[in-house]
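J.:
There are 2 protein chains.
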Amino acid sequence: MSWNRVAVVGGGLIRFGELFDQSYEQMAHGAFAAAVSSVDKGFDPHQVEAAIVATQRGTLWGQEGIGGNTVPSAIGLAGVPCTRVENACPSGSDAFRIGAMVVASGVHDVVLVIGVEKMRDKSTDEGLLSRAASGHPIYNRAETAPVLFAPFATRHMHEFGTTREMLASVAVKNHHNGTLDPYAHFQSEITVDQVLASPPVCHPLHLLDCCPQTDGAAAVILVNAERAREFTDKPVWVAGFGVATDHPYLHEKSTFTGLPVTTLAAERAYQMAGVGPNQIDMAEVHDCFTITEILDIEDLGFIEKGKGGVASLEGETAIGGRIPVNPSGGLLSKGHPIGATGVAQITECYWQLRGEVGERQVELRHGNALQHNVGGRGSGVSVVNILTTNNP
Amino acid sequence: MSWNRVAVVGGGLIRFGELFDQSYEQMAHGAFAAAVSSVDKGFDPHQVEAAIVATQRGTLWGQEGIGGNTVPSAIGLAGVPCTRVENACPSGSDAFRIGAMVVASGVHDVVLVIGVEKMRDKSTDEGLLSRAASGHPIYNRAETAPVLFAPFATRHMHEFGTTREMLASVAVKNHHNGTLDPYAHFQSEITVDQVLASPPVCHPLHLLDCCPQTDGAAAVILVNAERAREFTDKPVWVAGFGVATDHPYLHEKSTFTGLPVTTLAAERAYQMAGVGPNQIDMAEVHDCFTITEILDIEDLGFIEKGKGGVASLEGETAIGGRIPVNPSGGLLSKGHPIGATGVAQITECYWQLRGEVGERQVELRHGNALQHNVGGRGSGVSVVNILTTNNP
Chain A
30 MSWNRVAVVG
40 GGLIRFGELF
50 DQSYEQMAHG
60 AFAAAVSSVD
70 KGFDPHQVEA
80 AIVATQRGTL
90 WGQEGIGGNT
100 VPSAIGLAGV
110 PCTRVENACP
120 SGSDAFRIGA
130 MVVASGVHDV
140 VLVIGVEKMR
150 DKSTDEGLLS
160 RAASGHPIYN
170 RAETAPVLFA
180 PFATRHMHEF
190 GTTREMLASV
200 AVKNHHNGTL
210 DPYAHFQSEI
220 TVDQVLASPP
230 VCHPLHLLDC
240 CPQTDGAAAV
250 ILVNAERARE
260 FTDKPVWVAG
270 FGVATDHPYL
280 HEKSTFTGLP
290 VTTLAAERAY
300 QMAGVGPNQI
310 DMAEVHDCFT
320 ITEILDIEDL
330 GFIEKGKGGV
340 ASLEGETAIG
350 GRIPVNPSGG
360 LLSKGHPIGA
370 TGVAQITECY
380 WQLRGEVGER
390 QVELRHGNAL
400 QHNVGGRGSG
410 VSVVNILTTN
420 NP
Chain B
30 MSWNRVAVVG
40 GGLIRFGELF
50 DQSYEQMAHG
60 AFAAAVSSVD
70 KGFDPHQVEA
80 AIVATQRGTL
90 WGQEGIGGNT
100 VPSAIGLAGV
110 PCTRVENACP
120 SGSDAFRIGA
130 MVVASGVHDV
140 VLVIGVEKMR
150 DKSTDEGLLS
160 RAASGHPIYN
170 RAETAPVLFA
180 PFATRHMHEF
190 GTTREMLASV
200 AVKNHHNGTL
210 DPYAHFQSEI
220 TVDQVLASPP
230 VCHPLHLLDC
240 CPQTDGAAAV
250 ILVNAERARE
260 FTDKPVWVAG
270 FGVATDHPYL
280 HEKSTFTGLP
290 VTTLAAERAY
300 QMAGVGPNQI
310 DMAEVHDCFT
320 ITEILDIEDL
330 GFIEKGKGGV
340 ASLEGETAIG
350 GRIPVNPSGG
360 LLSKGHPIGA
370 TGVAQITECY
380 WQLRGEVGER
390 QVELRHGNAL
400 QHNVGGRGSG
410 VSVVNILTTN
420 NP
């Protein structure tokens with residue numbers, strides 16, 4: 030029993046990287062233009078009835094952009110309703126889900142979902158991630174993202190025999206995939222030895238176990254399923270989605286060998302879509318660190334708990350493997366411009382399901398793709414979206 | 030032809046003020062508890078299926094709260110999907126609109142909309158509004174909110190003969206209304222002479238022409254209209270809403286005698302609700318400054334353009350007047366905790382339409398109430414929601 034009231038009919042992004050030469054508004058415009066030009070039967074930008082903008086750091090006024098409501102003017106659509114959605118690292122994926130519900134509500138038939146983030150314009154001292162480091166006013170000062178994930182790696186290694194080589198195999202795979210993705214920040218191969226020898230950040234995570242800081246923007250166009258054929262003969266449907274929250278601080282976590290927040294979000298998405306993990310052809314998941322992808326593929330149900338490291342080392346998640354994960358290069362290679370990340374992952378799923386990505390194309394068996402982010406002090410919130418080519 | 034697929038069945042807030050003794054999470058919990066206990070037939074908090082949280086400054090991590098996704102854990106609902114909506118000063122009103130569309134989409138039947146903002150914990154130097162002052166990287170440095178609205182007052186006075194006494198009459202009315210609202214930050218009468226004699230901020234706006242900085246939280250419970258009678262025999266329906274954006278910077282404005290962004294948002298809301306301004310019994314509008322309320326009542330269609338100052342001076346917008354505006358005390362007296370403001374205005378409309386507010390009760394003739402915010406570098410975005418007691 031699928032949902033399928035909403036169709037994706039276009040998606041595009043700008044090449045991720047250090048985009049000092051582009052403003053927030055220029056990046057948004059670039060992604061919007063790419064999405065518009067991707068629509069098979071053409072798309073007049075003024076068909077957009079409402080927009081949802083995902084930006085994590087937008088309220089830091091003066092760092093370009095005061096959030097979502099500057100975007101319509103910047104992309105030539107002043108007047109159009111526009112709402113900013115922020116949900117930590119899953120901001121983009123949650124914006125997509127909210128956009129789908131706006132369409133399903135019947136209020137708007139054509140909704141633009143756009144993610145945009147500038148991560149590099151400010152120094153580390155001034156930037157977003159230094160604010161993260163100030164932590165909870167009482168419990169957690171000076172925590173950074175590697176600090177939030179390293180304990181999970183430590184415990185996973187202790188419980189299941191996961192090794193640093195297994196962690197490194199995730200980075201090697203995703204950097205390889207990045208060489209096949211013209212939109213990726215990094216586009217060169219790395220080796221396990223390079224990961225192992227890279228500078229330590231927070232044991233057992235070294236520099237190449239970590240995603241970079243990246244600027245980027247991505248956009249998708251959602252329409253009422255009944256009108257999808259106006260725009261394309263190859264629509265992709267929103268099959269389902271799920272969100273879960275958890276207690277946000279590390280001292281409140283119930284386990285360090287998995288992220289229950291992802292398991293719960295996935296259960297909700299699978300139930301809504303009427304499919305299970307064995308019916309997913311490919312997934313774009315949240316690999317902010319190598320250990321995160323290993324947790325993800327277990328918590329999403331692709332790999333048995335504890336076997337994620339071995340599965341990665343043995344190639345099960347490679348493009349030709351049993352369940353291809355992050356064919357786009359993932360956060361580790363493509364980059365993680367927070368608000369844009371989820372929307373770009375959705376775009377990759379859209380392209381994959383339409384068979385449009387050339388060398389990094391996965392085999393399509395069931396016609397379903399899954400997109401996932403987790404974040405919010407590490408694992409305070411998780412979002413899963415499932416797309417499908419199976420007709421309603 | 031009304032929309033009316035969604036019902037409001039509960040609403041509550043905490044008293045607005047300088048709440049140094051309450052954390053962000055405590056404020057959210059207080060508002061949620063008030064909304065829960067307001068439901069006529071009782072409400073189990075675990076009936077909440079999803080939450081939308083409005084917070085403007087949430088991403089300033091370390092200033093308590095990293096945005097919406099910490100709220101479910103804090104109010105005893107860890108696990109529940111939660112999305113933060115940010116849309117400058119209309120954050121709360123847009124969160125309400127998004128919450129209504131989530132219910133209308135059929136995905137969730139019971140949705141909590143909660144607005145919460147801490148404005149006072151940081152000094153002016155460190156706080157949100159100092160960031161606003163950094164402005165556009167090129168065009169607009171050092172602009173603050175009074176600077177964004179004073180030119181409209183100047184031009185309105187020039188074009189229409191509006192006087193400082195007329196501006197002051199708005200503040201006098203709203204502070205009077207605040208004496209009738211136990212949730213208002215300020216609860217004492219002021220006089221026209223006091224407004225005129227208060228320190229100048231940005232001509233012609235003086236201190237008592239400006240709203241204060243206030244901490245606060247508010248919450249409403251939305252349900253599928255078909256299930257409203259499970260919760261109350263006196264539901265209030267969401268009749269319609271409208272959002273518009275505009276070019277965000279002052280040098281791009283097409284007029285300084287009105288805010289076209291509000292006119293457009295209102296047209297959309299009236300059309301969706303199937304009512305006009307003459308069928309509105311009361312309105313909660315965005316009076317961040319006295320001039321703003323005068324612009325609002327003209328742009329929303331209550332008063333002829335140019336006559337807003339005279340209408341205010343003559344009492345047309347008082348509680349017993351032709352169109353009562355801001356019976357809660359408005360931003361000027363009740364306060365403006367950004368994310369909470371719109372949700373608190375909705376709560377006031379809900380209470381007014383149910384006839385529950387005692388001395389500040391307006392006369393109900395048509396059964397419709399209107400709520401409005403404008404913001405985003407002054408007038409980059411406007412949101413209008415219309416509530417009704419008229420059955421679908």
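Chains A and B supply the protein sequences, listed in that same order. FYI, the numbering for the first sequence is 30 to 421, going by the working numbering. FYI, the numbering for the second sequence is 30 to 421, going by the working numbering. Beta carbons: idealized from backbone N, C-alpha and C, even for Gly.
1. Any beta-carbon of chain A closer than 8 Å to the one on M130 of chain B?
2. Are the beta-carbon atoms belonging to A369 of chain A and G144 of chain A less than 8 Å from one another?
3. Could you tell me which whole alpha helix (DSSP H) segments of length 4 or greater appear in the stretch 255-312 of chain A?
4. Among residues of its own chain, excluding the 5 on either side of T286 of chain B, which ones have a beta-carbon nearer than 6 Å to its beta-carbon?
5. Skipping 5 residues on each side, what residues in its chain have a beta carbon closer than 6 Å to that of E377 of chain B?
6. Between which two residues does the beta strand (DSSP E) holding G41 of chain B run?
7. DSSP state of L399 of chain B, grouped into three classes?
8. Going by beta-carbon coordinates alone, are E343 of chain B and V199 of chain B separated by less than 8 Å?
9. If we ignore side chains and look at the alpha-carbon of each, how far apart do I427 of chain B and S362 of chain B end up?
10. Taking 7 Å as the limit between beta carbons, can you name the residues of its chain near N203 of chain B, skipping five residues before and five after?
11. Would you say N402 of chain B reaches chain A, if we count a Cβ-Cβ gap shorter than 8 Å as a contact?
12. Does P211 of chain A pass the burial test, meaning 16 or more other C-beta atoms within 10 Å, or should it be called exposed?
13. Whose CA, out of B:R44, B:T292, B:T346, B:I104, lies closest to the CA of P366 of chain B?
14. Answer with buried or exposed for G71 of chain B, where buried requires no fewer than 16 other C-beta atoms within 10 angstroms of its C-beta.
15. How long is the line joining the alpha carbons of V410 of chain A and T291 of chain A, rounded to whole angstroms?
16. Give the residues of chain A in contact with L293 of chain B, contact being defined as C-beta atoms less than 7 Å apart.
17. So is N420 of chain A buried or exposed if we call it buried at 16+ other beta carbons inside 10 Å?
18. Between the stretch 119-128 of chain B and the stretch 54-73 of chain B, can you find at least three pairs of beta-carbon atoms closer than 8 Å?
19. To be precise: take each residue of the stretch 388-418 of chain B, compare its Cβ to all Cβ atoms of chain A, and keep it if any distance is under 7 Å. Which residues remain?
20. Count the other C-beta atoms from every protein chain shown that fall within 10 angstroms of the C-beta of D238 of chain A, then say buried if there are 16 or more, exposed otherwise.
21. I'd like to know whether the C-beta atoms of E194 of chain A and V221 of chain A end up nearer to each other than 8 Å.
22. Quick check: the Cα distance between S102 of chain A and G305 of chain B, rounded to an integer number of angstroms?
23. Check whether the Cβ atoms of L42 of chain B and A197 of chain B lie closer than 8 Å to each other.
24. Among B:W266, B:T243, B:L279, which residue has its Cα nearest to the Cα of A302 of chain B?
25. State yes or no: is the C-beta of V224 of chain A within less than 8 Å of the C-beta of V201 of chain A?
26. Sort A:G350, A:L399, A:L324, A:I219 by Cα distance to V391 of chain A and report the nearest one.
27. Do N397 of chain A and S122 of chain A have their beta-carbon atoms positioned less than 8 Å apart in this structure?
28. When you compare the CB of P277 of chain A with every CB in chain B, is at least one pair closer than 8 Å?
29. Take V35 of chain A as the anchor and find which of A:A298, A:V132, A:M56, A:G245 has the nearest alpha-carbon.
30. Excluding the 5 residues flanking I332 of chain B on each side, which residues of the same chain have their C-beta closer than 6 Å to its C-beta?
31. Classify T284 of chain A as buried or exposed, calling it buried when 16 or more other Cβ atoms lie within 10 Å of its own Cβ.
32. Buried or exposed, going by whether 16 or more other CB atoms sit within 10 Å of the CB of A254 of chain A?
33. Could you give the distance in angstroms between the alpha-carbon of A182 of chain A and the alpha-carbon of Q374 of chain B?
34. Among A:S408, A:I81, A:V100, A:Y53, which residue has its Cα nearest to the Cα of H280 of chain A?
35. Give the straight-line distance between the Cα atoms of H276 of chain A and I352 of chain B, rounded to the nearest whole angstrom.
36. Can you tell me the Cβ-Cβ gap for T84 of chain B and S120 of chain B, rounded? I've got them flagged as a contact below 8 Å.
T.: With the structure as the only source:
1. Closer than 8 Å to the CB of M130 of chain B there is at least one CB belonging to chain A.
2. yes
3. 289-302
4. Around T286 of chain B: R184, H185, E188.
5. E313, S357
6. 35-42
7. strand
8. Cβ distance not < 8 Å, so E343 of chain B and V199 of chain B don't count as in contact.
9. Because chain B here runs from 30 to 421, residue 427 of chain B falls outside it and cannot be looked at.
10. Same-chain partners within the cutoff: D316, N355, G358, G359, L361, S362.
11. no
12. exposed
13. B:R44
14. G71 of chain B is exposed by the Cβ-count criterion.
15. Roughly 8 Å separates the two Cα atoms.
16. Within chain A, the residues near L293 of chain B are G108.
17. It is exposed - the Cβ of N420 of chain A has fewer than 16 other Cβ atoms within 10 Å.
18. By the C-beta criterion, the stretch 54-73 of chain B is judged not to be in contact with the stretch 119-128 of chain B, since fewer than 3 inter-stretch pairs fall below 8 Å.
19. G405, R406, G409, V410
20. buried
21. Less than 8 Å divides the Cβ of E194 of chain A from the Cβ of V221 of chain A.
22. 28 Å
23. no
24. B:W266
25. yes
26. A:G350
27. Judged by beta-carbon spacing, N397 of chain A lies beyond the 8 Å limit of S122 of chain A, meaning their Cβ atoms are not closer than that value.
28. At least one chain B Cβ lies under 8 Å of P277 of chain A.
29. A:V132
30. I326, A340
31. exposed
32. With 16 or more other Cβ atoms inside 10 Å of its own Cβ, A254 of chain A counts as buried.
33. 47 Å
34. A:S408
35. 46 Å
36. 7 Å
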